[in-house]
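A quick write-up on the structure given underneath.
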Amino acid sequence: MENDLEVFKACADQTRLRVLLLLSERELCVCELVEVLTMPQGKISRHLAVLKHADLVQSRREGTWIYYALRKPDTGLQKRLHTYLRAASLEHTKAVEDLQRLDELAARGQICVPRTRRRTSAALR
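Counting in this note's numbering, the sequence shown runs from 12 upward without gaps.
So this is what it looks like as structure tokens:
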């Protein structure tokens with residue numbers, strides 16, 4: 012029952028629902044979520060922490076990037092939430108727009124590549 016309360020709290024925010032909808036499509040790194048949702052990285056990370064605390068998402072590290080995915084549902088409530096996410100991704104305008112941006116991002120190629128440090132003229136001396 013206590014975990015159910017955490018799930019409801021986590022889902023009581025539009026941004027977190029948008030994150031869950033995107034993660035229902037595929038595993039994403041924070042920078043992809045930042046790009047699609049057009050929000051600062053810190054804000055996205057805080058929302059992901061709430062979702063992780065509610066056992067709705069899981070993460071894995073690959074180099075300097077952390078990738079997030081929906082956890083496999085292990086309670087009835089989580090299973091119903093997954094069903095809702097599949098239906099909502101087709102019904103809500105904001106969700107459709109987010110998924111279109113995600114598709115555009117995928118069409119451009121992966122954005123999670125290491126940034127090379129710019130060499131300034133002072134560094135070359």
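The beta carbon of each residue, even a glycine, is placed where N, CA and C say it ideally should be.
What does the Cβ neighbour count give for residue i, buried or exposed, with the cut at 16 atoms within 10 Å?
i: Gly120; result: exposed
i: Ala58; result: Going by the sequence as given, residue 58 is His instead of Ala. Classification of His58: buried, given that the 10 Å Cβ count is 16 or more.
i: Leu16; result: exposed
i: Asp85; result: exposed
i: Leu101; result: exposed
Would residue i and residue j qualify as a contact pair, given that the criterion is a beta-carbon distance under 8 Å?
i: Arg27; j: Ala106; result: no
i: Tyr78; j: Cys40; result: yes
i: Val18; j: Gln69; result: no
i: Glu36; j: Leu116; result: no
i: Leu67; j: Leu44; result: no
i: Leu33; j: Asp109; result: yes
Please look up how many angstroms separate the CB atoms of residue i and residue j, rounded, as I've assumed it's under 8 Å.
i: Ile55; j: Leu48; result: 7 Å
i: Ala65; j: Lys20; result: 7 Å
* Curious, which full-length alpha helix (DSSP H) runs of at least 4 residues does the segment 53-114 contain? -> Listed in chain order, the complete alpha helix (DSSP H) runs (minimum 4 residues) inside the segment 53-114 are 87-102.
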